[in-house]
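Residue numbers (the numbering used here), protein chains in the order written: chain A, 1 to 152; chain B, 1001 to 1152; chain C, 2001 to 2152.
Don't be surprised by glycine CBs; every beta carbon is placed ideally from N, CA and C.
Reading through the structure tokens given below for one structure.
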């Protein structure tokens, strides 16, 4: 099939990828907005020109740091997923399996942000949402490795 | 059109992408070099083996931290752009619009680095360059989402 | 050739990319696991809900910070490589050259992790492994830029 992997919306796997990638990028920028909001609320900024322009001071606080950690966790996971999940589409997955994996991944990352950056809840809520995303990426990376290592 | 999205330099949209991606990666590595230079200038290093090899001490300073923040801001924005802007090419954009968006994005990120990591200037210089990049990525992500969600 | 860049495992360049991308992603997640292990060993966590669930305290230590720096260095290098090295495949490289560059890159990044996050050794071990990866990415980005800027 992959010989004819079609780079258009007629390709339902590509459309699945494009929709999830857009949502994940919007979600990451949501964390950017949350961090900015926490900085404005506390008037604590990382750079002197920000503090001057906004009548604040240099510094940080717990809520800002929590949102920055959520963001860093996104950076550690989502770009890898965006690369590997595209390669996974080339391994001829069952469309239903691919759909389940993509939407579960995106859902897990949204929950991760909710329970980390928005409303902290006791563990293992965050550990589970993180683990689901990591597990799906590892499964896909394993499938990619096996597929592209095997004789045609 | 996308059925025939051509993976060669004959495809002017792909060439646009490839040129901007290369420049953005060189720009990011420029920040790496700036941070290294600030560390060498102050002899302040993050790891004990660096301090030993270079006759310095453990630590950081304002200029190093400023460059690290500029770098982290790149990581929060540029990989997302590299994924989304490729998908945007598949939405059949007007070539002139695509060119304007890509070069404006790259220009805005270069300005962001200049006013953050090289020569700090009063806000809103950095906020504007950051906002332009973020706005373009969001516009493209929105276009990707709408395109791949709509019936063919 | 690129007109017929084939998105299947019959394309040896794509297979080369897919294998290296999977290994690099597994390697990055290895650093995630190492950081988690160091946190569990010292019972020092970044968020209060982790400390509560695991009977530990808020904080960090040298080993955790070293692994976090190794991880951040991955984030500064590997996503850029994953984008640029794919574009490099479209520049009609000699397969033997491409293979050497990809496997050297992956080897250098694995060594970087070993000497940074697992068993610190005196410099320039880490500087060399970092420099090899950076040099390969810059070479590829330069080749991409020249290829896509030149008349067909």
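Contact between residue 38(A) and residue 63(A) holds, with the beta-carbon distance rounding to 5 angstroms and staying under 8 angstroms. Residue contact with chain C for residue 122(A): present (Cβ-Cβ distance below 8 angstroms to some residue of chain C). For a Cβ distance threshold of 9 angstroms, nothing in chain A lies close to residue 2061(C): the least Cβ distance comes to about 17 angstroms. Here the stretch 1106 to 1126 of chain B makes contact with the stretch 1021 to 1031 of chain B; the two share three or more CB pairs at distances below 8 angstroms.
Look at the beta carbons and you see the stretch 2086 to 2093 of chain C touching the stretch 1002 to 1021 of chain B: at least three pairs across the two are nearer than 8 angstroms. With respect to residue 1123(B), residue 65(A) sits apart: the two C-beta atoms are not nearer than 8 angstroms. Within the stretch 1106 to 1143 of chain B, no complete beta strand (DSSP E) segment of 3 residues or longer occurs. Against chain B, the beta carbon of residue 2147(C) has neighbours under 8 angstroms at 1009, 1018, listed in chain order. Secondary structure note for residue 1094(B): it is in no alpha helix (DSSP H), with a DSSP letter that is neither H nor E. Take residue 2059(C), set aside five residues on each side of it, and the residues of its chain with a beta-carbon closer than 7 angstroms to its own are 2044, in chain order. For the pair residue 1075(B) and residue 2076(C), the CB atoms are nearer than the 8 angstroms cut-off. Residue 1151(B) is classed as exposed because its beta carbon has fewer than 16 other beta carbons within 10 Å across all chains shown. Following the DSSP letters along the chain, one finds residue 74(A) inside the alpha helix (DSSP H) bounded by residues 62 to 89. Counted as a single uninterrupted DSSP element, the alpha helix (DSSP H) harbouring residue 37(A) occupies residues 12 to 42.
Shown here for residue 1078(B): same chain residues with a beta carbon closer than 6 angstroms to its own, the five before and five after excluded, namely 1024 in chain order. Residue pairing from DSSP places residue 1058(B) in a beta bridge opposite 1045(B). In chain order, 112, 115, 116 place their CB closer than 7 angstroms to the CB of residue 126(A), counting only its own chain and leaving out the 5 sequence neighbours on each side.
Listed along chain C are 2046, 2047, each with a C-beta nearer than 9 angstroms to that of residue 69(A).
Excluding five sequence positions before and after residue 2070(C), the CB atoms of its chain that fall closer than 7 angstroms to its own CB belong to 2031, 2113, 2116, 2117, given in chain order.
Pairing residue 1147(B) with residue 1091(B) gives a Cβ-Cβ distance under 8 angstroms.
Counting the other Cβ atoms within 10 Å of the Cβ of residue 1083(B) gives 16 or more, which makes it buried. Residue 1151(B) has a beta carbon lying at 8 angstroms or more from every beta carbon in chain C. Using a Cβ-Cβ cut-off of 7 angstroms, residue 82(A) is close to 1083 of chain B, given in chain order. Secondary structure at residue 8(A): coil, using DSSP grouped into helix, strand and coil.
With respect to residue 2098(C), residue 2016(C) sits close: the two C-beta atoms are nearer than 8 angstroms.
CA-CA distance, residue 132(A) to residue 141(A), rounds to 14 angstroms. Non-local C-beta neighbours of residue 1144(B) in its own chain, meaning closer than 7 angstroms and more than five positions away in sequence, comprise 1084, 1087, 1088, 1091, ordered along the chain. A distance of 8 angstroms or more separates the beta carbons of residue 61(A) and residue 35(A). Close CB contacts of residue 2105(C) within its chain, under the 6 angstroms cut and outside five residues either way in sequence, are with 2133, 2136 (chain order).
Taking 9 angstroms as the upper bound on Cβ-Cβ separation, chain A lies near no residue of the stretch 2088 to 2116 of chain C. Neighbourhood of residue 1027(B) in chain C, by CB distance below 8 angstroms: empty, with the nearest CB roughly 10 angstroms away. Chain-ordered, the chain C residues with CB closer than 9 angstroms to the CB of residue 1052(B) read 2122, 2123. The alpha-carbon separation between residue 2005(C) and residue 1007(B) amounts to approximately 6 angstroms. Under the three-state reduction of DSSP output, residue 1152(B) falls in the coil class, being neither helix nor strand.
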